[in-house]
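Residue numbers (this note's numbering), protein chains in the order written: chain A, 81 to 445; chain B, 376 to 462.
Structure record follows, encoded as structure tokens.
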Ligand code: SF4
Ligand code: SF4
């Protein structure tokens, strides 16, 4: 059977960022030499064309802070010429009128601005720098230049109770989409898990607020809200299934099946400087490792619900982190013999200090 | 709905790799059959709904396509993919 064709390319242009979010999904060793070297403009552009030939249609330009790449306009033009729909994901603090207009002219399709909280002080406290006003200015600029605007906010215990303010802010800014992304526990969110984990009551209130907003506002603002894994008892298909719909390229050109895959010991990632993207997707060890269902163990192998091709056994990185084995059933699943570890993580929610994301200080894990 | 247009940022394209018509939107895509793609191509914010029905009918031996076109545009409007360009 031929492999499925990828739909999305997540291009992590750089891990540099002026912010310090404690849930940042970047690897905790971003300060290391491995990631300091970033792909050149022409390498990215060649990779974009290769990805289109493989089937990719959506390109997410992300980071770190994408605006720190001086060649961003050229990259957008490269994406347009390759035939990709491009989204720029930015924290917004460096989004000037001049650069935004150049990106528009270069062919950028969509802008997503992340905010940390609808409350200015809280936003700045979570981001670890003064950024709220700049983000709002950036969001207005996005609208003025007639880009579709997405507002993204990563949710956790500290900001979940402000979900109504957040919905109203998105409406007021004219956002077409609001991504309410419950924290996923990889990258910097791992050392911060206890400080970030929300309570079940918070999530229920949040879900209710989203429901009321959808009813009131209709399709004008598309609100994306997904219950966090930890409060489910059947896993989601992580990344749409390993090596099925998406690939991630790190700043140095390593190609990964998901953003957290670098935490899995023993997986070797091929680099776009050494191999054609087509070979990496179809043949490389990292993509083959958990693709399909052959690698599965019990209970997935004889799943009582026959969900193997629905959730693909859940998240490999979560399985590794909670069971020590990346090939185990995701412990979010109620059939997993380790499901109690998820239950106890829910209860561990307690106030503790943030470990801010940084490239300088070593992570305290 | 007087003068339908695609929502800001939506782009029609034919995917040569999968050989199908798509409406690309921020971080997603909607698969379209060839006729739906034809209809959406006409939603430029200038033509009225009747103009669009007229053009499509003209291409298919003046078949009665009004109901189908309306149904498609209603569904797309409910999903926020088509909006009215009239103030
Ligand atoms: S999550 Fe925060 S720190 Fe991480 S890249 Fe985004 S803005 Fe920067
Ligand atoms: S046993 Fe495996 S396949 Fe079945 S629901 Fe759980 S994770 Fe999914």
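Here a beta-carbon is modelled for each residue, glycine too, at the ideal position from N, C-alpha and C.
What you are looking at is a predicted structure, and each value in this text was computed from that prediction instead of being measured.
Of the heavy atoms belonging to ligand 1, none sits nearer than 6 Å to the Cβ of residue 111 of chain A. The secondary-structure analysis by DSSP pairs residue 217 of chain A with nothing; it has no beta-bridge partner. Nearest CB-CB separation between residue 230 of chain A and chain B: below the 7 Å threshold.
Only 189 and 190 from the stretch 177-192 of chain A bring a Cβ to less than 7 Å from some Cβ of chain B.
In this model, residue 133 of chain A and residue 192 of chain A are separated by some 26 Å (Cα to Cα). With contact defined as three or more Cβ pairs closer than 8 Å, the stretch 260-279 of chain A and the stretch 106-116 of chain A are in contact. Counting the other Cβ atoms within 10 Å of the Cβ of residue 124 of chain A gives 16 or more, which makes it buried. The beta-carbon distance between residue 412 of chain A and residue 274 of chain A, rounded to whole angstroms, is 18 Å. This is too long to meet the 8 Å contact definition. Between residue 424 of chain A and residue 315 of chain A, the alpha-carbon positions lie close to 17 Å from each other. The alpha-carbon of residue 452 of chain B is positioned some 16 Å away from that of residue 427 of chain B. Between the C-alpha atoms of residue 184 of chain A and residue 318 of chain A there is a straight-line separation of about 32 Å. Contact annotation: in the stretch 140-170 of chain A, residues whose CB is within less than 8 Å of a CB in chain B are 140, 163, 165 and 167. Annotated three-state conformation of residue 91 of chain A is strand, per DSSP. When distances are taken from the beta-carbon of residue 404 of chain B to the heavy atoms of ligand 1, even the shortest one reaches 6 Å or more. Shown here for residue 186 of chain A: same chain residues with a beta carbon closer than 6 Å to its own, the five before and five after excluded, namely 153, 156 and 157 in chain order. Those residues of the stretch 126-140 of chain A placed with their C-beta closer than 9 Å to a C-beta in chain B are 132, 133, 134, 135, 136, 137, 138 and 140, ordered along the chain. Interface residue (Cβ-Cβ distance to chain B less than 7 Å): residue 86 of chain A is not classified as such. Of all C-beta pairs linking the stretch 297-310 of chain A to the stretch 319-337 of chain A, fewer than three are shorter than 8 Å, placing the two stretches out of contact.
In the three-state DSSP reduction, residue 144 of chain A falls in the coil class, being neither helix nor strand. Distances from the CB of residue 423 of chain A to the heavy atoms of ligand 2 are all 6 Å or more. Residue 259 of chain A is bridged by DSSP to A/232 and A/304.
Each of A/308, A/224, A/92 and A/119 was checked against the Cα of residue 255 of chain A, and the nearest Cα belongs to A/224.
The residues 389, 406 and 407, in chain order, have a CB closer than 8 Å to that of residue 395 of chain B in the same chain once the five nearest residues on each side in sequence are set aside. Residues whose Cβ lies closer than 6 Å to any heavy atom of ligand 2, listed in chain order: A/314, A/315, A/379, A/380, A/383, A/385, A/387, A/388, A/391, A/393, A/394, A/409, A/410, A/413 and A/415. In the assembly as shown, residue 371 of chain A is a buried residue. Its beta-carbon has 16 or more other beta-carbons within 10 Å. Those residues placing their Cβ nearer than 6 Å to any heavy atom of ligand 1 are, following chain order, A/97, A/99, A/100, A/101, A/104, A/106, A/143, A/144, A/145, A/171, A/194 and A/437.
Nearest C-alpha to residue 409 of chain B among B/383, B/434, B/376 and B/425: B/434. At a cut-off of 3 residues, the continuous stretches assigned as beta strand (DSSP E) that sit fully inside the stretch 257-345 of chain A are 257-262, 302-305 and 326-329. Against chain A, a Cβ distance below 7 Å from residue 390 of chain B picks out 137. For residue 178 of chain A, the secondary structure class from DSSP, reduced to helix, strand or coil, is helix. Within the DSSP secondary-structure output, residue 194 of chain A pairs in a beta bridge with A/232. By the neighbour-count criterion, in which 16 or more other beta carbons inside 10 Å mark a residue as buried, residue 457 of chain B falls on the buried side.
Collapsing the DSSP output to three states places residue 115 of chain A in a helix.
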